[in-house]
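Worksheet: the structure to be examined is printed underneath.
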Amino acid sequence: MIKKLFYVYLLFPAVALAGLRQLLPIPQIVTPNGQQYPLSASTLLTDIATVQLVPDLPQIPVNKDEAYILEVTRDKVRITAITALGVYRAHQTLQQLVVQKGKKRYIEGCTITDYPAFRVRGFMQDAGRSYLSVQELKTEIALLAQYKINVFHWHLTENEGWRLQSLRYPQLNAAENYERMPAQYYTLAEAKELVEFCRERHVMLIPEIDMPGHSRAFEKAFGTSMQTEAGISILKNLLDEVCETFSVPYIHIGTDEVAFTNPRFVPEMVQYLRDKGKKVISWNPGWKYQAGEIDMTQLWSYRGKAQKGIPAIDCRFHYLNHYDAFADLIALYNSRILNVEQGDEDHAGAIIAIWNDRYIASERDIIAQNNFYPAALALAERAWRGGGNAYFDGNGTMLPSSPDDPIFQQFADFEARMLWHKAHHFKHVPFAYVKQTDIEWAITEPFDNGGDLSKDFDWVNAPTRKAYGASIYLRHTWGDLVPGFYPHPKPNSTAYAYTRVYSPKKQTVGLWISFQNYSRSEKDIPPRIGHWDYKQSKIWLNGTEIAPPIWQSQHSTPSNEVPLTNENFEVRPPLRVTLNKGWNRVLLKLPIGSFSTPEVRLVKWHFTCVFVTLDGQERAGTMRVNN
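When we follow this note's numbering, the leftmost residue of the sequence shown carries the number 7, and every step to the right adds one.
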């Protein structure tokens with residue numbers, strides 16, 4: 007069957023023409039042929055491809071509905087697929103194969119055999135805690151759909167607010183029943199509009215109505231918990247509205263972080279939704295299901311395990327609210343999803359998540375502080391390609407100690423492609439990432455400071471090991487679960503890290519520098535004026551100590567409702583520093599006391615240090631230990 011298919015989807019801008027070297031995600035098999043299919047300036051890609059739909063592609067092992075074979079020669083462009091979705095995926099790849107050199111425009115010749123290793127490749131936004139506009143969500147969906155992200159998980163209800171309109175129970179949306187951002191919610195019309203927006207881009211929207219926990223907004227509105235008979239009755243009526251509004255296959259019901267007082271509650275909710283033709287997703291850990299009792303589970307904690315007979319979505323180490331902008335991206339990219347090579351019936355895929363426990367006033371800052379887009383692109387490639395080198399808790403966040411290591415080179419290749427796409431497709435959104443694979447550090451073995459964080463040590467003569475990257479965890483956020491630079495980090499230690507940065511001339515540049523990376527899910531107190539953190543961390547450039555910025559927040563009581571402002575480098579202007587012509591010396595002092603303090607619950611023994619242009623868009627300087 008041969009025909010042409012047309013779609014409604016977001017095309018890459020005409021200025022952003024890539025070719026084989028910039029494909030993201032990388033297809034499974036790519037064979038260049040050195041030929042070029044010529045294009046005129048006005049040629050539409052949907053007009054040139056001959057499409058053949060076939061009953062089967064026997065060489066494809068999994069997820070055949072999204073699979074395709076794309077052939078480009080000097081004479082033809084041919085797509086072979088089983089479904090229209092497979093043809094759509096081929097068109098997305100074809101868009102990236104277009105090259106323009108001067109006035110010459112063409113498609114690079116090749117044969118591509120491609121399919122996703124995992125059928126779920128998605129992201130989650132916690133709109134329950136912090137409302138994000140429909141336009142912001144559309145921007146995210148449209149951008150990421152181009153990279154074959156196919157799931158948007160919409161967390162709609164929380165303690166802080168019920169963000170979905172209810173016509174039957176308008177009290178849910180009354181200002182007095184919100185704890186944050188009162189009466190900011192999505193109308194049913196907006197929800198339907200977003201479902202359609204996703205469908206046009208072959209993205210499945212999964213709405214989440216969290217139950218029976220995370221439900222103070224519900225309890226404030228009705229004066230009863232969800233697990234009472236009255237609460238169950240109300241909730242079923244609300245689910246009727248949800249099912250009528252969302253023409254989607256799955257409804258997520260939460261079931262996490264709650265004491266179950268009614269053993270009937272979860273099975274009854276699952277069955278109620280199934281009777282309405284919906285499949286049901288639930289967090290794990292949460293309610294304990296047996297095979298057949300739930301349609302899919304989403305693993306959110308280290309304790310969450312995939313179960314035979316229940317498809318699982320990996321979300322365990324995918325909470326961007328705890329991520330550093332650079333180091334955790336390495337772990338995410340390298341990590342084997344669900345610790346398997348590719349998906350199957352029991353291993354569906356992965357979702358990255360942003361949880362907004364800590365209030366951030368600006369939706370743009372939510373995206374910036376979580377460095378959303380680089381992480382989403384890392385997941386897009388890993389979930390499409392499959393593979394990976396070890397699970398997140400295996401190799402951890404460190405690049406290998408040698409740039410010649412294949413794992414190092416694989417990440418460097420991804421980084422180069424990602425930065426190309428940043429420059430061409432993400433200029434209008436926050437994207438706090440620059441090249442880090444050529445940044446080299448010497449880091450000392452730790453000194454015992456005896457609890458005196460101000461104590462100095464002879465770092466010049468101390469033994470060192472090399473590390474690569476703009477951010478280094480000496481001890482990870484998640485402690486011993488995720489390896490950092492030190493195999494067995496101890497409290498009351500002091501380390502030093504140093505490098506040199508080369509500048510071709512004397513110039514003023516920007517500096518991204520951080521010693522804590524404040525989590526977006528913690529009540530942590532900002533540093534005191536004049537200090538980088540509560541650890542007495544310091545940085546010197548050419549022997550001159552660099553002072554921290556003026557912290558905008560100065561509260562002294564832990565709170566989730568005092569917004570994060572400029573504590574994290576992604577949302578403040580880079581520090582202005584002067585580089586001399588030639589090589590400049592950089593020294594960091596990195597003390598640590600306790601790994602948890604009254605001021606900061608999850609103390610990160612960690613630093614970020616990279617020189618950038620004054621606007622923060624590009625790298626500045628070459629950074630290596632020896633010159």
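Built from N, CA and C at the ideal position, the CB exists for glycine as well.
These numbers come from a predicted model, not from an experiment.
Rounded Cβ spacing between residue i and residue j (contact assumed at less than 8 angstroms)
i: Asn-642; j: Gly-599; result: Residue 642 lies beyond the stretch modelled for the chain, which goes from 7 to 633, so this question has no answer here.
i: Glu-551; j: Leu-608; result: That pair is no contact at about 27 angstroms.
i: Glu-387; j: Leu-30; result: 6 angstroms
i: Leu-459; j: Lys-541; result: 6 angstroms
i: Tyr-379; j: Phe-323; result: Going by Cβ atoms, the distance from Tyr-379 to Phe-323 rounds to 19 angstroms, so no, they are not a contact pair.
i: Leu-178; j: Ala-236; result: So it is not a contact: roughly 15 angstroms between Cβ atoms.
i: Leu-594; j: Ile-545; result: 5 angstroms
i: Arg-342; j: Ala-396; result: 6 angstroms
i: Asn-455; j: Pro-269; result: Their Cβ separation, rounded to whole angstroms, is 53 angstroms, which puts Asn-455 and Pro-269 out of contact at 8 angstroms.
i: Trp-390; j: Ala-123; result: 6 angstroms
i: Phe-575; j: Ser-520; result: 5 angstroms
i: Val-577; j: Ala-374; result: 5 angstroms
i: Arg-534; j: Arg-591; result: Arg-534 to Arg-591, Cβ: 27 angstroms. No contact.
Proximity to residue i [Cα-Cα], best of the options
i: Asn-156; options: Ile-358, Glu-114, Gln-190 and Thr-303; result: Ile-358
i: Pro-510; options: Gln-131, Thr-628 and Arg-95; result: Thr-628
i: Arg-5; options: Glu-225, Tyr-439 and Arg-111; result: Examination of residue 5 is not possible in this model, given that the chain is present from 7 through 633 alone.
i: Gln-513; options: Ser-525, Arg-526 and Val-583; result: Val-583
i: Thr-403; options: Asp-53, His-353, Thr-483 and His-430; result: Thr-483
i: Gln-131; options: Cys-321, Glu-451 and Tyr-184; result: Cys-321
i: His-434; options: Thr-145, Asp-62 and Lys-107; result: Thr-145
i: Leu-50; options: Asn-327, Ile-32, Gln-65 and Val-104; result: Val-104
i: Lys-107; options: Gly-25, Tyr-121, Ala-123 and Glu-576; result: Gly-25
i: Leu-409; options: Gly-219, Glu-446, Gly-298 and Trp-289; result: According to the sequence shown, residue 409 is Pro rather than Leu. Nearest C-alpha to Pro-409: Glu-446.
i: Pro-493; options: Asp-352, Gly-92, Pro-291 and Tyr-479; result: Tyr-479
Own chain, CB closer than 6 angstroms to residue i, minus 5 neighbours either side, in chain order
i: Ser-407; result: Lys-472
i: Arg-222; result: Asn-165
i: Trp-293; result: Thr-261 and Val-272
i: Ser-477; result: Asp-330, Phe-332, Ala-333 and Thr-614
i: Val-126; result: Val-157, Ile-319, Ala-354 and Gly-355
i: Met-424; result: Leu-383
i: Met-302; result: Ile-287 and Pro-317
i: Glu-199; result: none
i: Pro-489; result: Gly-402
i: Ser-565; result: Lys-529
i: Lys-428; result: Phe-437
i: Thr-230; result: Ala-236 and Gly-237
i: Asp-216; result: Thr-163 and Gly-260
i: Trp-306; result: Trp-289 and Cys-321
Cβ-based burial, residue i [other Cβ within 10 Å; buried from 16]
i: Arg-174; result: exposed
i: Leu-547; result: buried
i: Glu-347; result: exposed
i: Val-60; result: exposed
i: Leu-487; result: exposed
i: Pro-495; result: buried
i: Val-466; result: exposed
i: Phe-233; result: The amino acid occupying residue 233 in the given sequence is Gln; Phe does not appear at that position. Flag for Gln-233 reads buried.
i: Leu-23; result: buried
i: Ser-525; result: buried
i: Gln-277; result: exposed
i: Asp-464; result: exposed
i: Glu-182; result: exposed
i: Thr-267; result: exposed
i: Gly-393; result: exposed
i: Lys-610; result: buried
i: Gln-141; result: exposed
i: Ser-239; result: exposed
Cutoff 8 angstroms; reference residue i; Cβ partners in own chain excluding five residues on either side
i: Phe-417; result: Ile-336, Tyr-339, Asn-340, Leu-405 and Thr-443
i: Leu-138; result: Gln-131, Glu-369 and Ile-372
i: Ala-189; result: Asn-179, Ala-180 and Ala-181
i: Lys-587; result: Ser-509, Pro-510, Lys-511 and Lys-512
Nonlocal neighbours in the same chain, by C-beta distance under 7 angstroms from residue i, ignoring five residues either side
i: Ser-562; result: Ile-531
i: Gly-457; result: Asn-498 and Gly-599
i: Glu-451; result: Ala-468 and Pro-469
**Asked** Is the number of C-beta pairs between the region 202–213 and the region 248–267 that are closer than 8 angstroms three or more?
**Response** yes
* Counting pairs of beta carbons, one from the region 53–69 and one from the region 86–97, are three or more of them closer than 8 angstroms? -> yes
- Item | Meets three-Cβ-pair contact criterion under 8 angstroms: the region 26–45 and the region 91–98 | no
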